[in-house]
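Chains as they are written, first to last, in our numbering: chain A, 1 to 758; chain B, 759 to 912. Idealized CB from N, CA, C, for every residue including glycine. Quick caveat, the model's predicted, so the values are computed rather than measured.
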Amino acid sequence: MDNLKVVGKKIPKIDAPLKATGAALYIQDVKIPGMLHGKILYSQYPHARIIKLDTSKAEKLPGVRAVVTAKDMPPNFRIGIMKDNPPLKSGKVLSIRDEIAAVAATTPEIAEEALSLIEVEYEELPGIFDPLEAMKEGAMLIHEEAKSNILKMPWRLICGDVEKAKQESAYIVEDTFSTQWVTHCCLGTSGCVAHFDMHNNLTMYSNTQIPSLAQNDFVEALNAFGLKNRRVRIIQAVIGGGFGSKLDTYAYEYIAILLALKTRKPVKIIFTREEEFFATSPRQCTITKISHGCDKDGRLTFRDVEMVLDNGAYTSWGATTPSVMMLPISSLYKVPNVRYIAKCVYTNNTYCQAMRGYGNPQATFAIESSLDQLAEKAGIDPLELRRINANEPGEITPQRFKITSCGMKECIEEVYKRLNWKEKRGKDNGRGVGMASLIHVGGGARVYKSDGCGTIIKMDDFGKVDVFTGASDIGQGSDTVIAQIVAEVIGIPIEDVNVINNDTDICPWDVGVHASRTTFVAGNAALGAARKIREQILEAAGKILDEDPADLDIKDGMVFSTKNKEKSTPLGKALRKIHYTLGGKMLMAEYFYDPANENFDKEFKGNLSVSYAYGAHGVEVEVDRETGKVKILNYVAAHDVGKAINPLLLEGQIYGGGLQGIGYALGEKMVYQNGRLMNGNFLDYKIPTAKDVPPIQPVIVETDEKDGPFGAKGIGEPGLVPTAPAIANAIYDAIGVRIKDLPITPEKILAALKAKDK
Amino acid sequence: MKKEITFNLNNEETTVEVDPKWTLLYLLREVLNLTGTKEGCGYGECGACTVIIDGKAVNSCIFPVLEAEGKNIITIEGLAKDGQMHPLQKAFIEKGAVQCGFCTPGMIMSAKALLDEKKNPTDEDIKEAIEGNLCRCTGYVMIIDAIKSVAAGR
């Protein structure tokens, strides 16, 4: 490990020069000759019956090439994991983002004008906007064909005997916590270009995070259109932010496909910022009732959680976030008895999707807030309570997670030390400290039948390498991490590695950039392929140099004998000798890595990930009792990452995740009133700016994960998981009030202070 | 009715016919194919479209195109000289200030306008200068570091 030349180094992101010079092409920048522009007409009401839909005037507008409605879509074609979402709606609309019609025209402006010429008459219907109302017996059904508004997804995890543990606990707390809708706010909005060739094969320019799964979705769609056995090629433009927003395929993409098919032209749809706010799928809001118990020494005895999630009108991956919430609920700290029951409920609100952390931040907010309440009741310092119960290597958790490397205790100690916890805690002077920990998947997550990633490596005649990986880069730096791993294994400078990661015609399959899995899974795939190509190089060079391949090594692009330093050849020269000869060959290698993790069984148990990421965040805040404003004085973010392949990019994930978490904790909220988004713009929905950056210290704790590439684990999501409860706990220490519903606004703090003083 | 305007764009006199309804951003991206300048919101709130006009950082998405007449305009494409990147571009790359990169061109233009105006900006100056440039990936820390390093290195 000590001799690493590329891995473990602060290496700048390899696509940064393209981006910093404005040369990187995002989906907004893709232009194809003859391309048309698509625009979508959305419902004016969150719940209504469409009485009349007349597109005739729009069709006549010069420049309009096609107008489509539900009748142009294949009947019964539905998208979403429950197949409950027709890409164009007819009959009834169920949410304000329901797509009713779409236009393709020669310019975006003409398309927009055409939308205004489409005549729609609605009969407005009363809606249900509160999941608790929607759950009631006899509530109006959002989907008439369903028997209940509660999704048929019975999330239920039972470990041990919670009722018995309640009897035996020395201290018990119970409370309810809630979280809000927040949205990704990718700076680059959603978009695509759909393009058919003469054989009806589809090329989709996309910014998806799941090229292989999207390919599968679009093949299915083409089948539904009657285009059997067609090819679908996904080409990803440079992706202007992901954060989970692009883990599904969306109505607009199918609409672009339909318009392209109708017009026989490439059709581009780019969301406006307004659409990006109301027509993409946010993080789901939750209502969580949680109860915790411990014995007289502070050892946790049980955790009991009931949760309601507002699913919105249709079903995307948001509905499956309880599967990841189970992870902290069952396994954050040692807790022998666990019960978790979650219900996702249809409403006439916007439907939800994945967002960085995939449910973990919501669950961890409830768990870590509740733990502070328990510590207070038991008379134990909250950090001490976490030390007592901290996870350890070798543990098998109640949900059957096999904990391999685990630096949770080290992370807690970093917080203790760097926050000066002992000095700062419990001063009751308007300043306070708080902390929270996290567990997340760090070695893939077996959500699908495969959690794999493929890599192909091809050597050229000059000693340079092309690496074809299925793993997408959404800005996090997987391109660079993969290049580092390949460069390290082969023994060449990173400049000699070219990573191709954006085209399903040439890149192997990958399940997607989700679950903080890319460094681990794609990294292991790259490692496997690089080892194979290195073997081939040494084998061939052995013949050229007349040496045993076992005695050869490669450094800085030179192949040399470790026994006889005289014997060496530049890698490129060796490759050319291997190539340009009778019976010569080009060196290529492939590797498919699928981690040895498990799908959950019927009881939602099983070792979801090969390894688990840990961390602890500690915060010092100052709260102004007059204004309710919270100022973060110090923020410590300690993360167990296995091995830092690239500390520069890693710290970037911690800073970026941390600030997103601070936005989630202290300000961001999508305000929906009766199904309508009231603040769908950057003026009213404020994401943190440069002025909101607190003093933040990223702390990297290395634990050397045995199954990780060079010992690494995932870090993409963890940075924002414990932020909100750490801040809430610090505020409680500062002023003695606990805010239980996010975001923690000055108004809520003032109201809580007022209530406390009464 | 189209109208002809002349201005200096990235050090070159440029004359072009424009529709008075256009924004400067539209002209840059859709007509002149200078797609390095990004549109993140279209209403002057995210800063992705920032260009420098007569020394000031401006949101080109709300800048009426006719007002470009006679101005001196620099876009991200105008920063590199003789194939050498501007020190700010190099610093952004080396300090890890670039993730998804969509905000990067606008961010760099705001930073340039600041450094052209102030020799030794404070942290507060830097934060003030890029407050209107939203970034969702980096948490701004490395962006601020990058700008500071350029200021310190002059």
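Alpha carbon of residue i to alpha carbon of residue j, nearest angstrom
i                   : j                : result
aspartate 217/A     : arginine 446/A   : 19 Å
alanine 752/A       : isoleucine 739/A : 8 Å
threonine 176/A     : isoleucine 290/A : 6 Å
glutamate 109/A     : valine 267/A     : 14 Å
leucine 151/A       : alanine 596/A    : 31 Å
leucine 227/A       : methionine 198/A : 12 Å
proline 778/B       : glycine 38/A     : 24 Å
asparagine 791/B    : methionine 35/A  : 16 Å
aspartate 29/A      : lysine 796/B     : 9 Å
glutamate 253/A     : leucine 259/A    : 10 Å
glutamate 835/B     : threonine 364/A  : 45 Å
glutamate 566/A     : isoleucine 457/A : 29 Å
glycine 394/A       : alanine 589/A    : 35 Å
isoleucine 14/A     : threonine 480/A  : 6 Å
arginine 418/A      : arginine 425/A   : 13 Å
glycine 615/A       : isoleucine 763/B : 57 Å
phenylalanine 200/A : arginine 230/A   : Checking the sequence shown, residue 200/A turns out to be asparagine, not phenylalanine. Each residue's alpha carbon lies about 7 Å from the other.
alanine 690/A       : glycine 841/B    : 31 Å
glycine 657/A       : arginine 283/A   : 15 Å
methionine 761/A    : glycine 736/A    : For residue 761/A there is no data in the structure shown, the boundaries of chain A being 1 and 758.
Residue i, buried or exposed, once every other Cβ within 10 Å from all chains shown has been counted against 16
i                : result
serine 56/A      : exposed
threonine 833/B  : buried
lysine 164/A     : exposed
aspartate 496/A  : buried
isoleucine 696/A : buried
glutamine 167/A  : exposed
tyrosine 655/A   : buried
glutamate 882/B  : exposed
aspartate 310/A  : buried
Within chain B, the residues that residue i reaches when beta carbons sit closer than 7 Å
i               : result
threonine 272/A : Gly800
leucine 648/A   : Gly854
threonine 689/A : Glu889 and Leu892
alanine 24/A    : Gly859
cysteine 186/A  : Arg894
glutamate 668/A : Those within 7 Å of glutamate 668/A in chain B number zero; the least Cβ separation is about 11 Å.
glycine 656/A   : Gln857, Cys895, Thr896 and Gly897
In DSSP terms, what residue i is bridged to
i                   : result
lysine 92/A         : Arg49/A
threonine 781/B     : Pro822/B
threonine 286/A     : Thr179/A and Leu309/A
isoleucine 118/A    : Paired residues: none, contrary to the question.
histidine 195/A     : Thr203/A
threonine 581/A     : Paired residue(s): none; threonine 581/A is not in a bridge.
phenylalanine 401/A : Phenylalanine 401/A pairs with nothing; no bridge assigned.
isoleucine 172/A    : Gly293/A
glutamine 236/A     : Ser206/A
glutamate 59/A      : For glutamate 59/A, which the question treats as bridged, DSSP gives no partner whatsoever.
Beta-carbon neighbours of residue i, restricted to chain B and to distances below 9 Å
i                : result
lysine 13/A      : Ile851, Gly854, Val856, Gln857 and Gly859
asparagine 681/A : Cys799, Tyr801 and Glu803
glutamine 476/A  : Gln857, Cys858 and Cys895
valine 238/A     : Cys858, Gly859 and Phe860
isoleucine 696/A : Gly897 and Val899
valine 693/A     : Lys885, Gly897, Tyr898, Val899 and Ile902
Proximal residues of chain A, C-beta to C-beta of residue i below 8 Å
i                : result
alanine 838/B    : Thr21
methionine 843/B : Pro17, Ala20 and Thr21
Chain A residues whose Cβ lies nearer than 7 Å to that of residue i
i                : result
isoleucine 811/B : Within chain A, no residue comes near isoleucine 811/B; the closest Cβ sits about 17 Å away, beyond 7 Å.
glutamate 835/B  : Gly22
Within chain B, the residues that residue i reaches when beta carbons sit closer than 8 Å
i            : result
valine 497/A : Chain B residues near valine 497/A: none, gap ~17 Å exceeds 8 Å.
beta-carbon residue i near the ligand GDP non-hydrogen atom, thresh 8 Å
i                : result
isoleucine 905/B : The ligand GDP is not part of this structure, which contains no ligands at all.
Quiz item: Is the segment 592-612 of chain A in contact with the segment 485-501 of chain A, if contact means three or more CB pairs nearer than 8 Å?
Solution: no
Practice problem: Could you say if the segment 154-171 of chain A and the segment 323-338 of chain A meet the contact criterion of at least three C-beta pairs nearer than 8 Å? | Solution: yes
Quiz item: Do the segment 116-124 of chain A and the segment 53-71 of chain A make contact, defined as three or more Cβ pairs closer than 8 Å?
Solution: Pairwise C-beta distances place the segment 116-124 of chain A in contact with the segment 53-71 of chain A, as three or more of them are shorter than 8 Å.
Quiz item: Is there contact between the segment 352-368 of chain A and the segment 318-332 of chain A, where contact requires at least three CB pairs shorter than 8 Å?
Solution: yes
Quiz item: Three or more beta-carbon pairs under 8 Å between the segment 179-197 of chain A and the segment 240-252 of chain A, yes or no?
Solution: yes
Quiz item: Taking three-plus beta-carbon pairs below 8 Å as touching, is the segment 431-444 of chain A in contact with the segment 508-517 of chain A?
Solution: yes
Practice problem: Please confirm if the segment 543-561 of chain A is in contact with the segment 569-578 of chain A, defined as three or more CB-CB distances below 8 Å between the two stretches. | Solution: yes
Quiz item: Can at least three beta-carbon pairs, one atom from the segment 739-748 of chain A and one from the segment 381-389 of chain A, be found at a separation below 8 Å?
Solution: no
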